[in-house]
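Numbering (the UniProt record's numbering), first residue to last: 1 to 752.
We put the beta carbon where it would ideally sit given N, CA and C, even for glycine.
The structure appears below as structure tokens.
Written out as structure tokens, the structure reads:
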């Protein structure tokens, strides 16, 4: 016995009672008692000094993995070199460390610890660490006691190997938001204890392995933006415990399976942005636990809404662009929890229901064929209702008791009746999501800072333009419909033009109303501000949407950052041409379910735009480009317009410049005119003087000319005389021609 043990015994051993036994028996009994007590104390001391240790092979594997990924254990665990120590072995605390492990130290009578959970999640967000990069190390698959593996939100690359089948105890597997590639291994089907499986936002390819149908305990499946394609395997019919499915932004094909109707525990189903075919199966009527149903963009098939009858738990129903026909079910008011109803871009007919569900706040029924009377609930102040592009009456019939559309919607029915046949405008420009702003070219962009929501619209006061928005950001508690930032945009003369943007989680349409028919130049300004540089996981997000001009697909899967060379905070300007034939123009930015939904945050997807300008492309406007009640129009002759008549050899530019220098430009105007807008005449003369500058760089482009003529751009002061004027020798006949009042082309400005 050591001296330390002896001293310890002195303080802990009670002196035994001496028994009155005749010797030599008394000494024998005393010795036996002392020996027994010493053994008990020694055993107790040994037990207290022995700590459970991490299984050596698992400890080696963790050390290799962490070295490979260049990460280290955080505070609170791996104390004194023992991995399963501190909070790692405390079952009373959650695994919040990044990186971190959880151990079970009850093996071998409490002497051995096995690693049950490994979390290497978004390491760039934790204590300034860098993201984990590179392939999955083979040592990972030797941790066979794992029941939870979370490697989400990193920059992992390479394939998911078949060795994943070694982790048969896994109940939780998350590999989401990485850059993994290759096909999903069929060996995933051997992880039969899995509850959640998350592989979303990766670069996988190929089809979904049918073997996943063996994971019958699976409750949550996240494969959105994963890259998979092909039909949904028939073996998935076995997944009857399924509760949540996110499968948007893939290339899933084939008919929407009937067997989904057997997933009776399903509460959330999202199937947007695929190539699936309809109709929606009638078996969906069995999904009575559904709360959030989002199926969009089905091709083929005719999907009636009868399957909704028994879905009394619904809170969100989004079924846009699915070829849904028939009328809106009259019993939708019997869905007590329904708060959002999106049935836009279908073929619904008939009238609106007489009643609505009590909690229904957001309704999108735009772009259908609805008509008939307007029920009183439409005017509920707490309701957002989008009825754009339907067939409701815009004028009151003889029956004065008939309710008409809410304010502004009469301009946005399918016929777009406002100023149709009587155009007032030839251009418009909008500062999307922000205050009025003038560009470096002098174009005035009108303010568009109205508060829009998931199903809303706005018509400008002069009925010159309008905007319609539909879409609810996914899982976002604080959705954004406008954004602003203060960063500089280096590649533009108009950085302030990009400091505000309009955002939509679905469909964003801008309309030009009361436009003169003809060809137009459409200029759209974009900038991406939400994604970080490519060294962190937040860069893995993709904002993708389609651009339609006048109903025609102009750009499919438009990606602002990709257009900017893979960088954020770079201005992107897209130019298109469009022909207006019925006095209105539509610019449609449409999220077709493509791109990521949740990187860097939930709801980061859908169209965004900073500014719009529309100017004539191939005609000289014959309208004043002012509202009908604008006082500036009082001096303007109806149906007339001041134009520029150019007669080669008949105009003295020198005399025109002389009048300009003396501020007597109006002397150039035809004296036979009976009505004259002096401001417009000066504007035309100023533009003409710009156009005769000898230096090409000083002459404006045709689009700028049109913008200046229409009043959308300022005309800069012309301070320098064109150099060639000093070299010209004008004959007396030219000067006489200028002053001849009988000549129909004797001036720069005349009637058209």
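#1: What do you reckon, are the CB atoms on residue 427 and residue 706 nearer than 9 Å?
#2: Tell me where the alpha helix (DSSP H) around residue 663 begins and ends.
#3: Rounded to whole angstroms, what's the CA-CA distance from residue 59 to residue 50? Just pull it up for me.
#4: According to DSSP, residue 572 sits in a beta bridge with which residue or residues?
#5: Could you name the residues of the same chain whose beta carbon sits closer than 6 Å to that of residue 408, not counting the 5 residues immediately before and after it, in chain order?
#6: Closest to residue 596 by C-alpha separation, out of 161, 224, 78, 574, would be which residue?
#7: Helix, strand or coil, according to DSSP, for residue 150 in the structure here?
#8: Can you name, in chain order, every residue of its own chain whose Cβ lies under 7 Å from the Cβ of residue 414, other than the five neighbours on each side?
#9: Quick one: measure Cβ to Cβ for residue 759 and residue 549, integer angstroms, because I've assumed they're closer than 8 Å.
#10: Can you name the residues that DSSP bridges to residue 771?
#11: Extract the residue ranges of the beta strand (DSSP E) inside the stretch 256-343, only unbroken runs of 3 or more that lie entirely within it.
#12: When the Cα atoms are used, what is the spatial distance from residue 94 to residue 171?
#13: Considering only the beta carbon of each residue, do residue 582 and residue 511 sit closer than 9 Å?
#14: What residues are listed by DSSP as bridge partners for residue 74?
#15: With DSSP as the reference, please indicate the residues paired to residue 549 in a beta bridge.
#16: Got a sec? Which residues, its chain only, sit under 8 Å from residue 371 by beta carbon, not counting five neighbours each side?
#17: If we count Cβ pairs, one from each stretch, closer than 8 Å, do we get three or more for the stretch 177-190 versus the stretch 198-217?
#18: What are the boundary residues of the beta strand (DSSP E) that includes residue 102?
#19: With a threshold of 7 Å on Cβ separation, who are the neighbours of residue 337 within its own chain once the five nearest residues in sequence on each side are excluded?
#20: Tell me, to the nearest whole angstrom, how far the beta carbon of residue 361 is from that of residue 382; I am working on the premise that it is less than 8 Å.
#21: What does the Cβ neighbour count give for residue 380, buried or exposed, with the cut at 16 atoms within 10 Å?
#22: When the distance is taken between beta carbons, is residue 484 closer than 9 Å to residue 615?
#23: Taking the CB atoms as reference points, tell me whether residue 153 and residue 122 lie closer together than 9 Å.
#24: Name, in chain order, the residues that DSSP records as bridge partners for residue 580.
#25: According to DSSP, simplified to helix, strand and coil, what is residue 112?
#26: How is the alpha helix (DSSP H) around residue 703 delimited, first residue to last?
#27: Which residues in the same chain as residue 301 place their Cβ atom closer than 7 Å to its Cβ, once the five residues preceding and following it in sequence are excluded?
#28: Tell me, to the nearest whole angstrom, how far the beta carbon of residue 169 is from that of residue 145; I am working on the premise that it is less than 8 Å.
#29: Hey, could you find the ends of the beta strand (DSSP E) residue 196 is sitting in?
#30: Taking the DSSP output, what are the residues bridged to residue 220?
#31: Taking the alpha-carbon positions, what's the residue 544 to residue 229 distance?
#32: Determine contact between the stretch 154-165 and the stretch 71-90, defined as no fewer than three beta-carbon pairs at a distance below 8 Å.
#33: Counting pairs of Cβ atoms below 8 Å between the stretch 95-114 and the stretch 511-526, do you hit three or more?
#34: Tell me which residues share the same chain as residue 625 and place their Cβ nearer than 8 Å to its Cβ, disregarding the 5 neighbours each side in the sequence.
#35: If you drop the 5 nearest sequence neighbours on each side, which residues of the same chain put their C-beta closer than 7 Å to that of residue 439?
#36: For residue 249 and residue 465, what's the separation of their Cα atoms in angstroms?
Checking against the coordinates, here is how it stands:
#1: yes
#2: Taken as a continuous stretch (DSSP letters only), residue 663 belongs to no alpha helix (DSSP H), as it is neither H nor E.
#3: 18 Å
#4: 526
#5: 459
#6: 224
#7: strand
#8: 389, 390, 391
#9: No answer is possible for residue 759: it lies beyond the span of the chain, which begins at 1 and ends at 752.
#10: Because residue 771 is not part of the residues shown, which for the chain are 1 to 752, the question remains open.
#11: 268-271, 275-277, 292-295, 316-318, 340-342
#12: 16 Å
#13: no
#14: Beta-bridge pairing links residue 74 to no other residue.
#15: 552, 587
#16: 349, 350, 351, 390, 391, 392, 393
#17: yes
#18: 100-107
#19: 313, 314, 315, 359
#20: 7 Å
#21: exposed
#22: no
#23: yes
#24: 518
#25: strand
#26: 702-710
#27: 277, 278, 279, 323
#28: 6 Å
#29: 196-198
#30: 196, 244
#31: 18 Å
#32: no
#33: no
#34: 424, 425, 426, 427, 710, 711, 712
#35: 445, 494, 497
#36: 32 Å
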